[in-house]
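Working notes, beginning with the structure itself.
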Amino acid sequence: MWESLIHITYFNQMFSSTITILLIICYLLAGTSIVFYTLKNGISPMPTSTKVKKDLLSMIKGLDGKPDSIQRIYELGSGTGSLSCAISRQMTSATIIACENSPIPYVFSVIRAKLTRCQNLTLKRENFDQLNITPAELIICYLSTEIMVNLSCKFKKELRPGSFIISHTFALPKWTPEKIIYVNDFYRTPIYLYRVQ
Numbered sequence: 280m281w282e283s284l285i286h287i288t289y290f291n292q293m294f295s296s297t298i299t300i301l302l303i304i305c306y307l308l309a310g311t312s313i314v315f316y317t318l319k320n321g322i323s324p325m326p327t328s329t330k331v332k333k334d335l336l337s338m339i340k341g342l343d344g345k346p347d348s349i350q351r352i353y354e355l356g357s358g359t360g361s362l363s364c365a366i367s368r369q370m371t372s373a374t375i376i377a378c379e380n381s382p383i384p385y386v387f388s389v390i391r392a393k394l395t396r397c398q399n400l401t402l403k404r405e406n407f408d409q410l411n412i413t414p415a416e417l418i419i420c421y422l423s424t425e426i427m428v429n430l431s432c433k434f435k436k437e438l439r440p441g442s443f444i445i446s447h448t449f450a451l452p453k454w455t456p457e458k459i460i461y462v463n464d465f466y467r468t469p470i471y472l473y474r475v476q
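Residues 280 to 476 in my numbering are what the sequence shown spells out, letter by letter.
Structure below.
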């Protein structure tokens, strides 16, 4: 009897140690992946704050004076999907395409989309430099100054006249915004609205 208790105790300790080691390895791999893609992309995953999200959703709702006039929305660099899922819930008749190339945030966005049942949201794990954005009526970004400089050429080349671009925090260099709102938060975060000419 004592021998069987010793074996059970030993097995439980071994099992617990194995699980702990596997979890540590998973955390290290996830952390390494996030650091790698942060260096590769030039920006780390940063969620959109609740206040910015609220004001951004209000801005989308008011485009062209009709809340359902925008039918194809692309979010470039969608991270963990908090903003794209919120847009999906508000713009139920629109098709939302969210693009993220970093695997860990992408997995979180897939889980979030499944849990919140975002039926009109398509998640793509790819670099948005290769993404065809021509069908977009609205582009949403929260990226960096350097990336916005690079995207400027892509927007001019691929987007149709009349398409909208909303960028929060980072302006599009050499573009004149149609509207700028400042969020009532600690940073007075700017949200820029552009229309392709």
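Don't be surprised by glycine CBs; every beta carbon is placed ideally from N, CA and C.
As the structure is a computational prediction, the values presented were derived from the model and not from experiment.
- Query: Whose CA, out of R391, C397, Q409, I383, lies closest to the CA of F315?
  - Reply: Stepping through the sequence shown from its first residue, residue 315 is reached at position 36. The closest CA to that of F315, considering only R391, C397, Q409, I383, is found on I383.
- Query: From L417 to V386, what distance separates their C-alpha atoms?
  - Reply: Start at 1 with the first residue of the sequence shown, and residue 417 comes out as number 138. Start at 1 with the first residue of the sequence shown, and residue 386 comes out as number 107. Taking the straight line joining both Cα atoms gives about 24 angstroms.
- What did DSSP end up calling A377 once you bin it into helix, strand or coil? The residue labelled residue 377 in the question sits at position 98 within the sequence shown. In this structure, A377 counts as strand in the three-state DSSP scheme.
- Message: Can you find the residues in the same chain that come closer than 7 angstroms, C-beta to C-beta, to V389, ignoring five residues on each side of it along the sequence?
- Response: By 1-based counting over the sequence shown, the position of residue 389 is 110. Taken in chain order, the residues that qualify are L402.
- Measure the C-alpha to C-alpha separation of G441 and Y306 and round it to an integer number of angstroms. Along the sequence shown, read from residue 1 onward, the residue named residue 441 stands at position 162. Along the sequence shown, read from residue 1 onward, the residue named residue 306 stands at position 27. Near 45 angstroms, if we compare the C-alpha coordinates of Y306 and G441.
- Query: Span of the beta strand (DSSP E) holding C420?
  - Reply: Here residue 420 corresponds to residue number 141 of the sequence shown, with the count starting at 1. If you look at C420, you'll find it in the beta strand (DSSP E) that goes 417-420.
- State the beta-bridge partners of T401 as determined by DSSP. Numbered from 1 along the sequence shown, position 122 holds the residue referred to as residue 401. Bridge partners of T401: I376.
- Query: Per DSSP, what kind of secondary structure is L394 in: helix, strand or coil?
  - Reply: By 1-based counting over the sequence shown, the position of residue 394 is 115. When DSSP states are grouped into helix, strand and coil, L394 belongs to the helix group.
- Query: If we count the other Cβ atoms within 10 Å of its Cβ and call it buried at 16 or more, is L301 buried or exposed?
  - Reply: Along the sequence shown, one-based indexing puts residue 301 at 22. By the neighbour-count rule (16 or more Cβ atoms within 10 Å), L301 is not buried but exposed.
- Message: Our contact map puts K453 next to S431 with C-beta atoms below 8 angstroms; I'd like the distance itself, whole angstroms only.
- Response: Your numbering for residue 453 matches position 174 in the sequence shown. Your numbering for residue 431 matches position 152 in the sequence shown. Separation of the CB atoms of K453 and S431 is rounded to 7 angstroms, and the pair is thereby assigned contact status at 8 angstroms.
- If you draw a straight line from the alpha carbon of I460 to that of S361, how long is it in whole angstroms? If you number the sequence shown from 1, residue 460 lands on position 181. If you number the sequence shown from 1, residue 361 lands on position 82. The alpha-carbon atoms of I460 and S361 are separated by roughly 21 angstroms.
- Query: Going by Cα to Cα distance, which pick from Y466, M427, N380 is closest to R404?
  - Reply: Residue numbering aside, residue 404 sits at position 125 when the sequence shown is read from its first letter. A check of alpha carbon separations from R404 across Y466, M427, N380 identifies N380 as the nearest.
- Return the CA-CA distance between Q409 and Q292, expressed in angstroms with no decimal places. Translated into positions along the sequence shown, residue 409 becomes position 130. Translated into positions along the sequence shown, residue 292 becomes position 13. Whole-angstrom Cα-Cα distance: 49 angstroms.
- Item | Boundaries (first-last residue) of the beta strand (DSSP E) holding E354 | One-based indexing of the sequence shown puts residue 354 at position 75. For E354, the enclosing beta strand (DSSP E) begins and ends at 351-355.
- Message: Taking the alpha-carbon of L342 as reference, which of M325, I322, E354, M370 has the nearest alpha-carbon?
- Response: Here residue 342 refers to the residue found at position 63 of the sequence shown. Across the set M325, I322, E354, M370, the C-alpha of M370 shows the shortest separation from the C-alpha of L342.
- Message: Here's a check: name, in chain order, each residue in its chain whose Cβ is nearer than 6 angstroms to the Cβ of Y466, leaving out the five neighbours to either side.
- Response: Taking the first residue of the sequence shown as position 1, residue 466 is located at position 187. For Y466, where only same-chain residues beyond five positions count, there are no Cβ hits under 6 angstroms.
- Task: Can you tell me which of T374, T395, K458, E437 puts its alpha carbon nearest to the alpha carbon of I349?
- Result: For the purposes of this step, residue 349 is taken as residue 70 along the sequence shown, with counting starting at 1. Residue nearest to I349 within the set T374, T395, K458, E437 is T374 (criterion: CA-CA distance).
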